[in-house]
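Please read the structure below before turning to the comments.
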Amino acid sequence: SKALQKALPVHWVHVPKCGSSFINTVIHLPTVCDDTIPADLVVDNSMGPRFLSEFRSLYDLDAACPGLVSTRFGHNGIEGVGYSEHKGHFMIMLRQPEQRLVSAYLDMFYSSTFFGEEP
Numbered sequence: 071s072k073a074l075q076k077a078l079p080v081h082w083v084h085v086p087k088c089g090s091s092f093i094n095t096v097i098h099l100p101t102v103c104d105d106t107i108p109a110d111l112v113v114d115n116s117m118g119p120r121f122l123s124e125f126r127s128l129y130d131l132d133a134a135c136p137g138l139v140s141t142r143f144g145h146n147g148i149e150g151v152g153y154s155e156h157k158g159h160f161m162i163m164l165r166q167p168e169q170r171l172v173s174a175y176l177d178m179f180y181s182s183t184f185f186g187e188e189p
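So our numbering is basically just the index in the sequence shown, starting at one, shifted up by 70.
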């Protein structure tokens, strides 16, 4: 669509506990990534607890996804990435604050078990 083409390249703002799986929507938008990224690829926990990092290690995202401004996927605010320069290109997924708290609580137990620590 014209609106999507105007928004390219996309800059995903990754808010903690607000759906890391949103990357699947972003990478499968037309022209964001090329056919190096399989059309049926789902980036999720099946890639391990650090699935975004694993996704980056499996693919050369800088080359395969020219429609993405950044392929680092960190939890950086928009001021640190040049808001004025990228204005109109940001995409964000948000959820209810209560749901973020539940997700953080559950993640604390999952992560501590994974790393062999007490929560």
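For each residue, glycine too, the CB sits at the ideal point set by N, CA and C.
Would you mind giving the Cβ-Cβ distance between H81 and H156, rounded to the nearest angstrom? I have them listed as a contact below 8 Å. 5 Å
Would D177 and K87 qualify as a contact pair, given that the criterion is a beta-carbon distance under 8 Å? yes
Measuring alpha carbon to alpha carbon, tell me which of I93, R170, A73, S71 ends up nearest F121. I93
If you compare alpha carbons, which of S90, S154, S91, V102 is closest to S71? V102
Rounded Cβ spacing between L138 and P79 (contact assumed at less than 8 Å): 6 Å
Who are V80's beta bridge partners in DSSP? L138
Expressed to the nearest angstrom, what Euclidean distance is found between the alpha-carbon atoms of R165 and D110? 25 Å
Using only CA atoms, which one of D114, G118, V96, D130 lies nearest to T106? D130
Do you know offhand how far L128's Cα is from G89's? 21 Å
When you compare each of H98, G152, Y153 to V112 by their alpha carbons, which one comes out closest? H98
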